[in-house]
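Trainee: Residues -24 to -1, 1 to 404 (mature numbering (1 follows the signal peptide of the UniProt record, and there is no 0)) are what the sequence shown spells out, left to right.
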Amino acid sequence: MKSLKKLAVIGLSAVLALSLTACKDNEEASGKSDGNVTLDFWTFGATNYEDLAKEYEKENPGVKIKVRSAETAEHHDALFTALSAGNGAPDITMLEIDQLDRFKAAQDRFENLYDLGAKDIKDQYLDWKWNTGENESGDFLIGLPTDIGPKALYYRVDLFEEAGLPTDPEEVAALIDSPAAFEEAGLKVKEKTGKPFIDSIDMAFRAYLDGAETTFLSPEGELLIEEEGNAVKDAYDYAVKLNEMGIVGKYEMWSAEWANAVNKGEFAAELGAGWLKGWMEGNAQESSGKWRVATLPTEFAANWGGSFISIPSETENAEEAYKFTEWLVSPENQLKSFQDKGLFPSAHSVYEMEEFKTNKDEFFGGQSTAPVFAEAAQDINGAVYKGEKYFPIYSEVTNALENVQTKGTDPEKEWKEAVKRSKGLLDR
């Protein structure tokens, strides 16, 4: 649910929903249904939603849920195409947080979940996550909250030890408690190990950017990055600074080189979200036991990733679709999704569940990492408006940073060119 690099568009066959019979009051209370209905559910990434759908089918005879999974970009582009055409959309769909504003602009193509009963469960979720799913006036809810991406500092114990830095998570958090302390730790790693502190200039950029209160665009579609004190320029300058200090690597996230570097310890730390833990446990077993997780400085506290479950208005089965969706994102099922696939819960009551708090991560040397991310999740102020053209503008800025790092070009010249290209994107 995370990569900005995977952009693809495919067409999808139209899907036809079966009619839904009305539910009895006692059936609604129990979550059971005697109707015969098929719900098409479009998902992306690695979830346990197919397993949960089968569980729901057993509890609700007559309900069939067809789960389709695709790559993140493929999923959203196909959904947008179906919604634009007015046919072929599923009954239920996931929406990734960075794509959300693109679909909020077409809220008439979705059911208002407040009309289906969502207000009754609002207090079960983190305020900032819930509010992100609302429109500006707060009277329309496009999706129910699922997973989130609170960020933390993933670090290599062996490289920190070699650099003379503490390795206990609480001690690391106490030491690296500001951007300045972050830089100092990076210089020690470089001096003692000869390796970069973090993997890429993109991650240095995101250090400040993900926690920013304003980013690229206003809700009116105005480009904000030229304004004095804009967070995007501040984040850009910070990334340039860390690069000039020599503490930034050249490993592009998700590339084969990056994955190998994670395994081999070619860089010391990653500013990653909670979902990265699941990837590492499944794909970086060579480095098992060598990583730990600590909280980041408050300036870097942020959310990166996560999703919502929405119901396109094209469905003929809105009430049944909502019943399943509410069940799917319940605290109990968010715990299951966390345990099975590492989807970090937005239902705050999960943070107090014993199975959550005492979960030991063998990959992270037996550390209970969940409370670290839970603390980070509750420090987040909220998501900011990104807009329909967030992705291409983001790419213009990161391409400028890559030129600075790999070609040695002038940072200010690259910045001005990125702004110019971004304006061109808005004019199209």
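Just so it is clear, CB atoms sit at the ideal spot from N, CA and C, and this is done for glycine as well.
1. Who pairs with residue 71 in a beta bridge, going by DSSP?
2. By the 10 Å Cβ neighbour count, where 16 or more other Cβ atoms means buried, how is residue 150 classified, buried or exposed?
3. Using the Cβ count rule (16 or more neighbours within 10 Å means buried), how would you classify residue 147?
4. To the nearest whole angstrom, what separates the beta carbons of residue 88 and residue 116, a pair I think is in contact under 8 Å?
5. Checking the sheet assignment: what are the DSSP bridge partners for residue 307?
6. So residue 288 packs on residue 85, CB below 8 Å; how close in whole Å?
7. Taking Cβ to Cβ, would you say residue 363 is nearer than 9 Å to residue 181?
8. How would you label residue 230, buried or exposed, when you count the other beta carbons within 10 angstroms and need 16 or more for buried?
9. Answer with buried or exposed for residue 333, where buried requires no fewer than 16 other C-beta atoms within 10 angstroms of its C-beta.
10. Comparing C-alpha positions only, which one of 212, 310, 275 and 279 sits nearest to residue 394?
11. I'd like the list of long-range same chain contacts for residue 385, defined as Cβ closer than 8 Å, with 5 residues on each side in sequence excluded.
12. Could you give the residue range of the alpha helix (DSSP H) that holds residue 366?
13. Exposed or buried, residue 113, counting other C-beta atoms within 10 Å across all chains shown (16 or more means buried)?
14. Between which residues of its own chain and residue 249 is the CB-CB distance below 6 Å, once the five residues before and five after are set aside?
15. Within 10 angstroms of the Cβ of residue 67, are there 16 or more other Cβ atoms? Answer buried if so, exposed if not.
16. Find out if the Cβ-Cβ distance for the pair residue 31, residue 45 is shorter than 9 Å.
17. Taking buried to mean at least 16 other C-beta atoms within 10 Å of its own C-beta, is residue 186 buried or exposed?
18. Taking the alpha-carbon of residue 171 as reference, which of 145, 209 and 219 has the nearest alpha-carbon?
19. Could you check if residue 252 is buried or exposed, using at least 16 other CB atoms within 10 Å of its CB as the buried criterion?
20. Under 7 Å Cβ to Cβ from residue 329, same chain only, skipping five residues before and after it: list those, please.
21. Just list the residues that DSSP pairs residue 123 with in beta bridges.
22. DSSP three-state call for residue 267: helix, strand or coil?
23. Which residues in the same chain as residue 168 place their Cβ atom closer than 7 Å to its Cβ, once the five residues preceding and following it in sequence are excluded?
24. Can you tell me which of 22, 296, 323 and 120 puts its alpha carbon nearest to the alpha carbon of residue 285?
25. Terminal residues of the continuous alpha helix (DSSP H) containing residue 144?
26. So, using beta-carbon positions, are residue 52 and residue 20 closer together than 9 Å?
27. Relative to the alpha-carbon of residue 244, which residue among 80, 338 and 142 has its alpha-carbon at the smallest distance?
28. Would you call the CB atoms of residue 319 and residue 369 closer than 9 Å?
29. Quick check: residue 266 and residue 134, are their CB atoms within less than 9 Å of each other?
30. Tell me the rounded alpha-carbon separation between residue 202 and residue 392.
31. Let me check understanding here. Comparing Cα to Cα, which of 342, 354 and 107 lies closest to residue 361?
Mentor: Reading from the atomic positions:
1. For this step, residue 71 is matched to residue 95 along the sequence shown. According to DSSP, residue 71 shares a beta bridge with 284.
2. The residue labelled residue 150 in the question sits at position 174 within the sequence shown. Burial is judged here by how many other beta carbons sit within 10 angstroms of a residue's own beta carbon; residue 150 has fewer than 16 and is exposed.
3. The residue labelled residue 147 in the question sits at position 171 within the sequence shown. Classification for residue 147: exposed.
4. On the sequence shown, position 112 is the one that residue 88 refers to. On the sequence shown, position 140 is the one that residue 116 refers to. Yes, residue 88 and residue 116 are in contact; Cβ-Cβ is about 5 Å, under 8 Å.
5. Your numbering for residue 307 matches position 331 in the sequence shown. In the DSSP output, where bridge partners are listed per residue, residue 307 has none listed.
6. By one-based count along the sequence shown, residue 288 stands at place 312. By one-based count along the sequence shown, residue 85 stands at place 109. With 8 Å as the limit, residue 288 and residue 85 qualify as a contact, their Cβ atoms being about 6 Å apart.
7. Start at 1 with the first residue of the sequence shown, and residue 363 comes out as number 387. Start at 1 with the first residue of the sequence shown, and residue 181 comes out as number 205. No, the pair does not count as a contact, with Cβ atoms beyond the cut-off.
8. Along the sequence shown, one-based indexing puts residue 230 at 254. Per the 10 Å Cβ criterion, exposed.
9. Taking the sequence shown and counting its residues from 1, one reaches residue 333 at position 357. It is exposed - the Cβ of residue 333 has fewer than 16 other Cβ atoms within 10 Å.
10. Counted from its first residue, the sequence shown places residue 394 at position 418. The shortest C-alpha separation from residue 394 is found at 212.
11. As a first step, residue 385 is located in the sequence shown; it is residue number 409 there, counting from the start. Around residue 385: 379.
12. Residue mapping note: residue 366 aligns to position 390 of the sequence shown, counting from 1. 366 to 383 is the extent of the alpha helix (DSSP H) around residue 366.
13. Sequence index remark: in the sequence shown, residue 113 carries index 137 (1-based). Residue 113 counts as exposed, since fewer than 16 other C-beta atoms from the protein chains shown sit within 10 angstroms of its C-beta.
14. As a position in the sequence shown, residue 249 is number 273, starting the count at 1. For residue 249, where only same-chain residues beyond five positions count, the Cβ hits under 6 Å are 125, 127, 280 and 281.
15. Reading the sequence shown from its first residue, position 91 is the one you call residue 67. Residue 67 comes out buried.
16. As a working mapping, residue 31 is identified with position 55 in the sequence shown. As a working mapping, residue 45 is identified with position 69 in the sequence shown. Not in contact: residue 31 and residue 45 (Cβ atoms no closer than 9 Å).
17. Translated into the one-based positions of the sequence shown, residue 186 becomes position 210. The residue in question, residue 186, is buried, as its Cβ has 16 or more Cβ neighbours within 10 Å.
18. Within the sequence shown, residue 171 is the residue found at index 195, counting from 1. The option with the nearest alpha carbon to residue 171 is 219.
19. Start at 1 with the first residue of the sequence shown, and residue 252 comes out as number 276. With 16 or more Cβ atoms within 10 Å of its Cβ, residue 252 is classed as buried.
20. Within the sequence shown, residue 329 is the residue found at index 353, counting from 1. Excluding sequence neighbours, residue 329 sits near 311.
21. As a first step, residue 123 must be located in the sequence shown, where it is residue number 147. Per DSSP, 321.
22. Translated into positions along the sequence shown, residue 267 becomes position 291. In the displayed model, residue 267 falls within a strand according to three-state DSSP.
23. Within the sequence shown, numbered from 1, the residue matching residue 168 stands at position 192. Contacts found: 138, 139 and 140.
24. Locating residue 285 in the sequence shown gives position 309, where the first residue counts as 1. Checking every option, the nearest Cα to that of residue 285 belongs to 120.
25. Mapped onto the sequence shown, residue 144 falls at position 168. First-last for residue 144: undefined, no H or E at that position.
26. Taking the first residue of the sequence shown as 1, we reach residue 52 at position 76. Taking the first residue of the sequence shown as 1, we reach residue 20 at position 44. The answer is yes: Cβ separation under 9 Å.
27. Within the sequence shown, numbered from 1, the residue matching residue 244 stands at position 268. Cα-wise, what sits closest to residue 244 is 142.
28. Residue mapping note: residue 319 aligns to position 343 of the sequence shown, counting from 1. Residue mapping note: residue 369 aligns to position 393 of the sequence shown, counting from 1. No, Cβ-Cβ distance for residue 319 and residue 369 is not below 9 Å.
29. Position 290 of the sequence shown, counted from the first residue, corresponds to residue 266. Position 158 of the sequence shown, counted from the first residue, corresponds to residue 134. Cβ atoms of residue 266 and residue 134: closer than 9 Å.
30. One-based indexing of the sequence shown puts residue 202 at position 226. One-based indexing of the sequence shown puts residue 392 at position 416. Their backbone Cα atoms lie some 9 Å apart in a straight line.
31. If you number the sequence shown from 1, residue 361 lands on position 385. The candidate whose alpha carbon is nearest that of residue 361 is 107.
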